[in-house]
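Peer 1: I have a structure I would like to understand better, so I am pasting it below and will then ask my questions one at a time.
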Amino acid sequence: MVVKYNFYSLINAFIPLFLISFFLLDSMLNVNLKGIILVLGICINFLVTIIVGNSLNIPANDENNLICTPFSMSNVISFNRLPLNTTMLSFVFIYLLSISIVSGNTLINIPFFLIMILLIVSDSLWLIQNNCFSGYQTIIASFSGLLFGLLWSFMLTKSNNKEIIYNIGINNYETCNIPKNKTYKCKTKKTD
173 MVVKYNFYSL INAFIPLFLI SFFLLDSMLN VNLKGIILVL GICINFLVTI IVGNSLNIPA
233 NDENNLICTP FSMSNVISFN RLPLNTTMLS FVFIYLLSIS IVSGNTLINI PFFLIMILLI
293 VSDSLWLIQN NCFSGYQTII ASFSGLLFGL LWSFMLTKSN NKEIIYNIGI NNYETCNIPK
353 NKTYKCKTKK TD
């Protein structure tokens, strides 16, 4: 069987690598744990998705197109019944959206969220069109990523540790803070 790889096939294969590399590189350059904590959440999300997919008794698709696994070792789809790209994109989308809602940076990030929605939809459609996964499997993977992303952002927000929460928007170093409490010292001079 001849496999035709096109530009989108390569983009689809490299989406996880791009996102994970971006967050790790951002953490290394800014010397913080934010990106590493987000990647840790993605890894735990992968495990949760694999467990959910295997517990739903979804039959394995033996007729997978070779384009679905361009860089896999020993056919990863055989033990994973749900698409990991879709669950990862959904996780990152809802995590960053919920953190941005909490911090009040949603409006300036609308273009980013629209791009993420476009990536999720196009990735899901590509997987369905190429018979990699069914529509049911991509929907379950999306919900798995969305629910775990909300749970992850809720846990990090409740920890109230700003050093581990990855927040897109305005960097803390680029803004000025106005003091909330202003105190004035006044000296009065008595005149005769």
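Residue numbers (the numbering used here): 173 to 364. Ideal Cβ positions, reconstructed from N, Cα and C, are used throughout, including at glycine.
Using C-beta distances below 7 Å, list every residue in its chain close to I184, excluding the 5 sequence neighbours before and after it, in chain order.
Peer 2: Before going further, note that residue 184 is Asn rather than Ile in the sequence given. Closer than 7 Å at the Cβ level, and outside the excluded window around N184, lie N257, D295 and W298.
Peer 1: Out of P231, L319 and I214, which one is the CA nearest neighbour of L196?
Peer 2: The candidate whose alpha carbon is nearest that of L196 is I214.
Peer 1: Looking at the C-beta of S325, does it have a partner C-beta in chain C at a distance below 8 Å?
Peer 2: In the structure shown, chain C does not exist; there is a single protein chain.
Peer 1: Please report how far the alpha carbon of I192 lies from the alpha carbon of S306, in whole angstroms.
Peer 2: In a straight line, the C-alpha of I192 is about 25 Å away from that of S306.
Peer 1: Give me the Cα-Cα distance between N217 and F263, rounded to the nearest whole angstrom.
Peer 2: The straight-line gap from Cα to Cα measures roughly 8 Å.
Peer 1: Touch check for the segment 219 to 227 and the segment 308 to 318: three-plus C-beta pairs under 8 Å?
Peer 2: Segments in contact, yes.
Peer 1: Less than 8 Å between the beta carbons of F326 and V220, yes or no?
Peer 2: Contact: no.
Peer 1: According to the neighbour-count rule (16 or more other Cβ atoms, all chains shown, within 10 Å of its Cβ), is G358 buried or exposed?
Peer 2: Note that residue 358 is Cys in the sequence shown here, rather than Gly. It counts as exposed.
Peer 1: Using only the alpha-carbon positions, how far apart do S181 and T278 sit?
Peer 2: Each residue's alpha carbon lies about 31 Å from the other.
Peer 1: Tell me which same chain residues have a C-beta within less than 8 Å of the C-beta of F186, skipping the five on either side of it?
Peer 2: Hits under 8 Å: none found.
Peer 1: Short of 7 Å in beta carbon distance, which residues of its chain neighbour D198, apart from the five on each side in sequence? Order them along the chain.
Peer 2: Excluding residues within five positions, the ones whose Cβ falls inside 7 Å are G207.
Peer 1: I need the straight-line Cα distance from I289 to I282, nearest angstrom please.
Peer 2: Using only the alpha carbons, I get a separation of about 11 Å.
Peer 1: Which runs of the beta strand (DSSP E) fall wholly inside the segment 248 to 287 and span at least 3 residues, in chain order?
Peer 2: Segments of the beta strand (DSSP E) lying fully in the segment 248 to 287: there are none.
Peer 1: Apply the 10 Å Cβ neighbour rule to M260 and answer buried if 16 or more other Cβ atoms are within range, or exposed otherwise.
Peer 2: Flag for M260 reads buried.
Peer 1: Which residue spans inside the segment 174 to 200 form an unbroken alpha helix (DSSP H) run of at least 4?
Peer 2: You should have found no qualifying run.
Peer 1: Closest to F190 by CA distance: which of I280, I239 and V211 is it?
Peer 2: Nearest C-alpha to F190: V211.
Peer 1: Going straight from the alpha carbon of V293 to that of I230, what length do you get?
Peer 2: Cα to Cα, the separation comes out at about 22 Å.
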